[in-house]
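The next block holds one structure in the form of structure tokens; read it before the comments.
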Amino acid sequence: NFKKGYEATEKTLRVNKPFDVMPVPTTSAEQAYKDVLAKVGAVFPARDSLDERIINEVRTGTAKYGKRGDGIIDSQFDLCPDKGKCPRCSASDYCWLPKLKSAQAPQDTDNDGMPNSWERKNKLDPTDATDASKDRDNDGYTNIEEYINSLVNDV
Numbered sequence: 001n002f003k004k005g006y007e008a009t010e011k012t013l014r015v016n017k018p019f020d021v022m023p024v025p026t027t028s029a030e031q032a033y034k035d036v037l038a039k040v041g042a043v044f045p046a047r048d049s050l051d052e053r054i055i056n057e058v059r060t061g062t063a064k065y066g067k068r069g070d071g072i073i074d075s076q077f078d079l080c081p082d083k084g085k086c087p088r089c090s091a092s093d094y095c096w097l098p099k100l101k102s103a104q105a106p107q108d109t110d111n112d113g114m115p116n117s118w119e120r121k122n123k124l125d126p127t128d129a130t131d132a133s134k135d136r137d138n139d140g141y142t143n144i145e146e147y148i149n150s151l152v153n154d155v
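Going by UniProt numbering, the sequence shown opens with residue 1, and the numbers climb by one from there.
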């Protein structure tokens with residue numbers, strides 16, 4: 001730092017042998033491409049029609065939207081068949097966006113963010129709101145983090 005808390009020199013920074021590091025798993029470009037397309041977008045609980053369309057365009061190398069039909073979108077109205085003149089687009093409810101429906105939230109008696117069923121399955125108390133911030137298995141993740149992580153597949 002500028003107050004001479006530490007002065008780095010080649011002698012203090014140079015190492016004579018490589019650092020021990022954990023092996024890093026690698027993936028071929030082809031497999032990475034497949035993996036990304038399989039997991040990209042909002043996929044929980046199901047991928048919406050907008051993500052499906054875009055993923056299909058990437059897979060097939062086709063893109064019909066944009067002023068030139070090349071997939072380059074200059075305005076949100078490039079996605080509207082009526083170029084923004086339809087009733088939904090005029091009302092700022094863009095016609096090309098899928099209608100997303102919410103589902104009933106699972107029962108959570110103590111309002112700690114974890115459903116009763118998940119708490120019972122993981123031997124927690126559905127009436128104790130303080131258990132969300134505890135770490136039942138001492139792995140460094142709080143119970144609420146464990147619940148949130150359980151909602152998605154490994155990436």
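Each residue gets a CB set at the ideal place from its N, CA and C atoms; glycine is no exception. This one's a predicted model, so the numbers in the text were calculated from it and none came from an experiment.
Check                                                                                                                                                : Outcome
For Ala-103, does the count of other Cβ atoms within 10 angstroms reach 16, so buried, or fall short, so exposed?                                    : exposed
Return yes when the Cβ of Asp-137 is within less than 8 Å of the Cβ of Asp-131, no when it is not.                                                   : no
DSSP state of Pro-87, grouped into three classes?                                                                                                    : helix
What are the start and end residues of the alpha helix (DSSP H) that includes Trp-118?                                                               : 116–121
Only counting the same chain, and skipping five residues up and downstream in sequence, which positions put a Cβ closer than 8 Å to that of Ser-150? : Trp-118
What is the rounded straight-line gap between the Cα of Met-114 and the Cα of Ala-8?                                                                 : 49 Å
What did DSSP end up calling Arg-68 once you bin it into helix, strand or coil?                                                                      : coil
Classify Asn-149 as helix, strand or coil using the three-state DSSP reduction.                                                                      : helix
I need the boundaries of the alpha helix (DSSP H) containing Arg-53, first residue and last residue.                                                 : 49–60
Helix, strand or coil for Gln-104? Go by DSSP, reduced to three states.                                                                              : coil
So the candidates are Gln-107, Ala-42, Ala-29 and Ala-63; which of them puts its Cα closest to the Cα of Leu-100?                                    : Ala-42
Can you tell me whether Tyr-33 is buried or exposed, with buried defined as 16 or more other CB within 10 angstroms of its CB?                       : exposed
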